[in-house]
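Student: At position 114 of the sequence shown the residue is numbered 115 (my numbering), and the sequence of numbers has no breaks.
Idealized CB from N, CA, C, for every residue including glycine.
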Amino acid sequence: LEDPAKLTEYTLPEETVLLDRTGQTELARFGEFKREVVTFEEIPPILLDATTAIEDKTFWENAGFDPLAIIAAGLDSLRGNSRGASTITQQLVRARLLEQDLLQDEDRTYERKLKEIIQSIRVTQQFGGQDDEGKKAIITAYLNQIYYGNQSYGVKAAARSYFGKELAELTPGEAAVLAALPKSPSNFDLVRNAVEQCDVEPAEDATCPADKRHLIVRADTVILERRDQVLELMADDRTPISDGEFTDAEITADIGTDLELAPQAAPRWKAPHFVWAVRDELTLKLCGVDSQTCDLLDNGGLRVTTTVDLDLQTIAERWVKVAALIPHRKDPEAAAKALGFDQYEPWMKNLEDKKGRNGALVAVDYQTGELIAYVGSADYYAGSTRPAFQPQYDVVGQGFRQPGSAFKPFNYAVGIDDGALTAGDMLMDVGTDFGGGFTPNDADNLERGPVRLRQALQFSLNIPAVRAMAVNTPDHVFARAKDFGMTFQRETTDAGLALALGVAETRPIDLVSAYATLANGGRRIPPTTILAVKDRAGKDVADPYMAPEGTQVVSPQAAWIVTDILDENTQRRVNPFWGEFFIEGPEGNRRPATLKTGTNTDAKDLNAYGYIAPPTEVGRQAGSYALAVGAWNGNSDNTPVGEVFSIDISTYVWQGFLQEASAEWEITRFARPDGLTQVAIDPFTGLLPAAGTEGVDEWFIEGTAPEVRLDPSMCGEQVLTVAGHEDKFANWMAADRDWIARAKRGPGTRGGPENTKVAYFYNNSFNPFGRTWGAVVGGDGCGSPGPSPSCFIVPTPDPSGVVPSFEQPSPSGSEVAALPCPTPSPTASPSASASAEPSPTLEITPE
2 LEDPAKLTEY TLPEETVLLD RTGQTELARF GEFKREVVTF EEIPPILLDA
52 TTAIEDKTFW ENAGFDPLAI IAAGLDSLRG NSRGASTITQ QLVRARLLEQ
102 DLLQDEDRTY ERKLKEIIQS IRVTQQFGGQ DDEGKKAIIT AYLNQIYYGN
152 QSYGVKAAAR SYFGKELAEL TPGEAAVLAA LPKSPSNFDL VRNAVEQCDV
202 EPAEDATCPA DKRHLIVRAD TVILERRDQV LELMADDRTP ISDGEFTDAE
252 ITADIGTDLE LAPQAAPRWK APHFVWAVRD ELTLKLCGVD SQTCDLLDNG
302 GLRVTTTVDL DLQTIAERWV KVAALIPHRK DPEAAAKALG FDQYEPWMKN
352 LEDKKGRNGA LVAVDYQTGE LIAYVGSADY YAGSTRPAFQ PQYDVVGQGF
402 RQPGSAFKPF NYAVGIDDGA LTAGDMLMDV GTDFGGGFTP NDADNLERGP
452 VRLRQALQFS LNIPAVRAMA VNTPDHVFAR AKDFGMTFQR ETTDAGLALA
502 LGVAETRPID LVSAYATLAN GGRRIPPTTI LAVKDRAGKD VADPYMAPEG
552 TQVVSPQAAW IVTDILDENT QRRVNPFWGE FFIEGPEGNR RPATLKTGTN
602 TDAKDLNAYG YIAPPTEVGR QAGSYALAVG AWNGNSDNTP VGEVFSIDIS
652 TYVWQGFLQE ASAEWEITRF ARPDGLTQVA IDPFTGLLPA AGTEGVDEWF
702 IEGTAPEVRL DPSMCGEQVL TVAGHEDKFA NWMAADRDWI ARAKRGPGTR
752 GGPENTKVAY FYNNSFNPFG RTWGAVVGGD GCGSPGPSPS CFIVPTPDPS
802 GVVPSFEQPS PSGSEVAALP CPTPSPTASP SASASAEPSP TLEITPE
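Written out as structure tokens, the structure is:
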């Protein structure tokens, strides 16, 4: 064990340098720090009391550790409510007197705790036992040693950094803030948690004048909630040193108030949000999970090689900025060109009158877990900010946002993996009261009747997703989502079936990690920012990063089926809407890529997620990555962005980044694992096709393919009892009967709990399987006419005069060839009933 006398030794520190993945380009330096040593007499009593109130209420009496606190913490841990029990002396020991490898090894937790207690007792004895002078020496060493965030070591530097004050000038509220910081100085860093407020409204391109700019930490942030807790404890007779200096009213005056910081000057880092993520991971790696500070990180002269590819990082920053900021500039076309875009595209112009002000993007190599590009907000160093755009906030790593429909692949993957669902299962897209007044619609308010899981996911239909959630159960899907890598703000969910629609908030870093798990054959590799950490002599401080084997959280077969479904989303032949966002490789060939978008109900979060096929070893050596990419758009203050969907903005960012990043990379395919079988099925019911008819090919995990053949004499409810899952739920069957009755009167007929309209799949203008609902409405027993030919509306020219094109779906088996629809006549056909309406034209379901 180290000599306790070393506590008072303050060695000359050396800066830590962060480098990109090549080890050649500097990103940032840690240790451009501030530290000033103070004596006990310089520390105001109110700060001493604030510190002991929250960190160690028995400090002035204990022997270096608090056995009652340890027992209470142990009992809380058994109840699932873990909390710390370390005294001030123990925290000081951990920071200065324990060997580094002990802190880093999670398997030696009990050994560390034991040595920590022994050393704490030795320190207390070294400095005079439990008398006042010994305790004064220990708390002075603690307040000089501890890290307070914002590159500030010691309480004097922190007071100057955050408040521009000397210690003697601190108010009770400011003292409480400083006392609250050591628990998690990086996460609680006041500058990182602050928003910039301007006394005047600057122009879009202007910077707020320096004398009008304020850094404000909001009262509802976690750090100020902890400040309030400190003040409440102090008001509850925890002021043994400053007793009587302040009244209770003066102590509690700042509770529930915002906090203004002193003006800040910070160095310009490359990839700044990523740099903060590196710091957080380094603190955990070098100093352990319980560390409030990590001296080695700032003082150890380390050289850290990170995972970021600066070329791809630059591409990511450009695409995030052009979508979130450029459309709101005075001259957006000139601003786009200055950013390196040759054309100011129509989709960019469409955003000029919309309210979205921020964006983020994260890209991970799903075969290694290495974070390749990381943009936490649109422009970290933007001079002009507003509540909707707080550029220093890291949405990727800290923002809990609703994924919307981007959550749907995991609901379906769980069902397929469990054997509860297959890609060929029929799920009725019919307005249904699922109980408790929950009556979800598809975004375009159409009811398509019988659809298979494959089409339901590709075209992001809400009602089938809710049906799948009912089959899987919300609690089960929620638990499995955490296996995929998602973290949530609650341990359990009360979203019910609405979980299917992506209402549970998770961070973009978690969601892209979940997509990476699908891409990696169902094997999860946690993301990392660090490749190597070396000391001044070039010796490894931590083991160099080697991609772990990962954890298999879903079968390779289930992961591949979902990948195959989403891969068709970037094939215009299959999906002429999302298919426009394909990725083009060398020589104009399509690169296999999955895509799923998501927009939450009130358009606060716009998402686009997906991944490309992995490179060969030769391709990887040439600089290719197995990329999973997530793009987010929205506002920092969580306000709605207006009438805009993910397909209007985030999807362009996602496609633009991947297109530019991978333009010269080799084209590969998603490798299909063993254990799958392909079977021809009826395109509507998912059963084996009726005798004498052909079907469409579908992939199944071996042993899960349908065995029942469609009987052409069946119709309506008869079909529902043998196909899909409808007959397991009485409310589903009731809704199905109502829809079938309306469908017999023709597309456009309204009804159901939300007065929605009957339509063919996908709508009444793109019908890859014909203008029919198959045996559910058109069986021999239904008396309905046979299917009419499928057709699609020829797209109208965009503002540049170019007519978009896509390949017409080719007939296969029972699929009817898609043909251009004839120009509608001026006179509409009579409706099937008074409630029927004309068929809708080709529209994309908002996402």
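Would Tyr699 and Ala324 be called neighbours here (beta carbons separated by less than 8 Å)?
Tutor: Strictly speaking, residue 699 in this sequence is Glu, with Tyr absent from that position. Cβ distance not < 8 Å, so Glu699 and Ala324 don't count as in contact.
Student: With C-beta atoms as the reference, is Tyr626 less than 8 Å away from Ala517?
Tutor: No. Outside cutoff.
Student: Take every Cβ of the region 115-125, pair it with every Cβ of the region 86-106, and state whether three or more of those distances are shorter than 8 Å.
Tutor: Result yes; three or more Cβ-Cβ pairs closer than 8 Å.
Student: Please work out which residues of its chain come closer than 6 Å, Cβ to Cβ, to Ala520, disregarding the five sequence neighbours upstream and downstream, and give them in chain order.
Tutor: Contacts found: Tyr367, Tyr612, Ala629.
Student: When you compare the CB positions of Ala160 and Leu171, do they come within less than 8 Å of one another, or not?
Tutor: Yes.
Student: The alpha helix (DSSP H) spanning Thr52 covers which residue range?
Tutor: 46-56 is the span of the alpha helix (DSSP H), which, as asked, contains Thr52.
Student: What separation, rounded to the nearest whole angstrom, lies between the Cα atoms of Gly643 and Leu260?
Tutor: Rounded to whole angstroms, Gly643 to Leu260 spans 31 Å at the Cα level.
Student: Considering Gly398, what are the terminal residues of the alpha helix (DSSP H) in which it resides?
Tutor: Gly398 -> alpha helix (DSSP H) spans 396-399.
Student: Would you identify the three-state DSSP class for Glu569, choosing helix, strand or coil?
Tutor: Helix.
Student: Determine the closest residue to Gly155 out of Gly257, Asp638, Leu179, Pro577, with distance taken between C-alpha atoms.
Tutor: Taking only the C-alpha atoms, the option nearest Gly155 is Leu179.
Student: Using alpha carbons as the reference points, say which of Ala414, Leu512, Glu226 lies closest to Ala398.
Tutor: According to the sequence shown, residue 398 is Gly rather than Ala. Considering only alpha carbons, the answer is Leu512.
Student: With contact counted as at least three CB pairs below 8 Å, one residue from each stretch, are the region 367-379 and the region 420-435 in contact?
Tutor: No, because fewer than three Cβ pairs between the region 367-379 and the region 420-435 fall closer than 8 Å, the two stretches do not touch.
Student: Are there 16 or more other CB atoms within 10 angstroms of the CB of Pro823, so buried, or fewer, so exposed?
Tutor: Residue placement at Pro823 is flagged as unreliable, the pLDDT there being 39, under the threshold of 50; the coordinate-derived value follows with that caveat. Looking at its Cβ environment, which holds fewer than 16 other Cβ atoms inside 10 Å, Pro823 is exposed.
Student: Rounding to the nearest angstrom, what Cα-Cα distance links Asp299 and Pro5 in this structure?
Tutor: Roughly 22 Å between the two C-alpha positions.
Student: Using the C-alpha atoms, what's the distance from Arg574 back to Cys792?
Tutor: For Cys792, the predicted model reports a pLDDT of 36, less than 50, meaning its position is unreliable; a value from the coordinates is still stated below. Each residue's Cα considered, the two are about 13 Å apart.
Student: Counting C-beta neighbours from all protein chains within 10 Å, is the total for Ala744 16 or more, i.e. buried, or is it exposed?
Tutor: Flag for Ala744 reads buried.
Student: Whose CA, out of Asn768, Thr529, Leu168, Thr507, lies closest to the CA of Ala548?
Tutor: Among Asn768, Thr529, Leu168, Thr507, the Cα nearest to that of Ala548 is on Thr529.
Student: Indicate the three-state DSSP secondary structure (helix, strand or coil) for Tyr612 in the structure shown.
Tutor: Here Tyr612 sits in strand by DSSP.
Student: Skipping 5 residues on each side, what residues in its chain have a beta carbon closer than 6 Å to that of Asp57?
Tutor: Thr88, Ile89, listed in sequence order.
Student: Would you mind stating whether Arg850 and Ala177 have Cβ atoms separated by less than 8 Å?
Tutor: No answer is possible for residue 850: it lies beyond the span of the chain, which begins at 2 and ends at 848.
Student: For Asn634, write down the residues that DSSP places opposite it in a beta bridge.
Tutor: According to DSSP, Asn634 bridges with Gly360, Leu607.
Student: Applying the criterion that 16 or more other CB atoms from any shown protein chain within 10 Å of the CB defines a buried residue, is Gly717 buried or exposed?
Tutor: Under this definition Gly717 is a buried residue.
Student: Hey, could you find the ends of the alpha helix (DSSP H) Lys184 is sitting in?
Tutor: Premise fails: Lys184 is in no alpha helix (DSSP H) and is neither H nor E.
Student: Check for me: the beta strand (DSSP E) holding Arg453 runs from which residue to which?
Tutor: 450-453 is the span of the beta strand (DSSP E), which, as asked, contains Arg453.
Student: Chain B beta carbons: is any one of them nearer than 8 Å to that of Trp666?
Tutor: Absent from the structure: chain B. Only one protein chain is present.
Student: So the candidates are Gly551, Trp320, Gly289, Ala278; which of them puts its Cα closest to the Cα of Val305?
Tutor: Ranking the options by Cα distance to Val305, first place goes to Ala278.
Student: Report the three-state DSSP secondary structure of Tyr546 (helix, strand or coil).
Tutor: In this structure, Tyr546 counts as coil in the three-state DSSP scheme.
Student: Where are the alpha helix (DSSP H) runs, 4 residues long or more, that stay fully inside the region 101-143, in chain order?
Tutor: Qualifying alpha helix (DSSP H) stretches, in chain order: 101-105, 110-127.
Student: With a CB to CB cut of under 8 Å and the five nearest residues on each side skipped, what residues in its chain are close to Met734?
Tutor: Same-chain partners within the cutoff: Glu718, Leu721, Glu727, Asp728.
Student: Looking only at its own chain, which residues have a Cβ that is under 6 Å from the Cβ of Glu661, when we skip the five neighbours before and after it?
Tutor: Around Glu661: Ile316.
Student: Thinking C-alpha only, which one of Pro388, Asp108, Thr433 is nearest Phe639?
Tutor: In the sequence as presented, Phe is not what sits at residue 639; that position holds Asn. If we check each option's Cα against that of Asn639, Pro388 comes out closest.
Student: Measuring alpha carbon to alpha carbon, tell me which residue in Gln152, Gln656, Gly747, Ala457 is nearest Pro410.
Tutor: Pro410 has its Cα closest to that of Ala457, out of Gln152, Gln656, Gly747, Ala457.
Student: Does DSSP put Met487 in a helix, a strand or coil?
Tutor: Coil, per DSSP.
Student: DSSP on Glu261, reduced to helix/strand/coil?
Tutor: Here Glu261 sits in strand by DSSP.
Student: If you count every other CB in all the chains shown that lies within 10 Å of the CB of Ser187, and 16 or more means buried, which is it?
Tutor: Ser187 comes out buried.
Student: Helix, strand or coil: how does DSSP classify Tyr148 here?
Tutor: Looking at Tyr148 - three-state DSSP - the assignment turns out to be strand.
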